[in-house]
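First the structure, in the form of structure tokens, and then the observations on it.
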Amino acid sequence: KRVNPHAFRHARATHLANFLTEAQMKEFFGWVQDSNMASVYVHLSGRDVDRAILKLYGIEMNEEDNGELLKPKKCLRCGETNPATNQVCRRCFFPLDERAEKLFEKEMKMEIISQIMENLWNDREFREFFLKKVREVKLPSI
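Following this line, the structure appears as structure tokens:
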């Protein structure tokens with residue numbers, strides 16, 4: 006698909022048509038009150054038609070999950086509002102979602118393990134003991 010300002014505006018209007026009245030859309034998008042533009046987007050969104058059809062077939066839509074994709078994320082540490090696509094805060098680099106938090110924890114653990122290994126390797130007695138054990142099990146030399 007082509008990407009241009011009109012496509013972004015159209016996508017936003019279609020999304021907001023699910024939540025705003027025609028009068029609110031006219032105000033938000035700068036259309037005059039007797040404009041028919043809002044009715045185009047309200048018609049495109051189908052408002053509650055999709056939900057009613059899904060409900061007819063026993064499929065429940067979670068209302069909260071529907072809008073979460075575009076919602077800005079607020080940092081729990083500094084309060085900065087971040088774009089929905091950010092995984093870490095742009096101000097303080099605090100993880101904004103569970104996936105980023107797990108990745109951050111994993112990196113922290115790897116850093117700690119790396120520091121421990123470096124400290125152990127710098128200990129001459131440990132290094133000699135380790136190399137002796139490697140030779141005993143006949144591993145390739147390090």
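Start counting at 1 in the sequence shown, then tack on 5, and there's your number in the working numbering. Note that CB positions come from ideal geometry on N, CA and C, so glycine has one too.
Simplified DSSP assignment, three categories, for Thr86: For the purposes of this step, residue 86 is taken as the residue at position 81 of the sequence shown. Note: Thr86 maps to strand in three-state DSSP.
Residue range of the alpha helix (DSSP H) that includes Pro10: As a working note, residue 10 is residue 5 in the sequence shown. From DSSP, the alpha helix (DSSP H) with Pro10 extends over Pro10 to Leu21.
7 Å Cβ cutoff met for Asn87 and Lys78: Along the sequence shown, one-based indexing puts residue 87 at 82. Along the sequence shown, one-based indexing puts residue 78 at 73. Yes. Within cutoff.
Exposed unless 16 or more other CB atoms sit within 10 angstroms - verdict on Met30: Locating residue 30 in the sequence shown gives position 25, where the first residue counts as 1. Met30 is buried by the Cβ-count criterion.
Cβ neighbour criterion (16 or more within 10 Å) applied to Tyr62: Against the sequence shown, residue 62 aligns to sequence position 57. Residue burial is scored here from C-beta neighbours: Tyr62 has fewer than 16 other C-beta atoms within 10 angstroms and is therefore classed as exposed.
Contact check, Leu101 vs Gln92, beta carbons under 7 Å: Here residue 101 corresponds to residue number 96 of the sequence shown, with the count starting at 1. Here residue 92 corresponds to residue number 87 of the sequence shown, with the count starting at 1. A distance below 7 Å separates the beta carbons of Leu101 and Gln92.
Val93 (DSSP reduced to helix, strand or coil): Translated into positions along the sequence shown, residue 93 becomes position 88. Of the three classes helix, strand and coil, the one that applies to Val93 here is strand, per DSSP.
Residue closest to Val45, alpha-carbon to alpha-carbon, out of Asp55, Asn23 and Ala57: Counting from 1 along the sequence shown, the entry for residue 45 is found at position 40. Taking only the C-alpha atoms, the option nearest Val45 is Asn23.
Glu141 Cβ short of 6 Å to the ligand SAM heavy atom set: With respect to the ligand SAM, the structure shown offers nothing to examine, as it has no ligands at all.
Val47, buried or exposed, once every other Cβ within 10 Å from all chains shown has been counted against 16: In the sequence shown, the residue the question calls residue 47 occupies position 42. Buried, by the Cβ-count rule.
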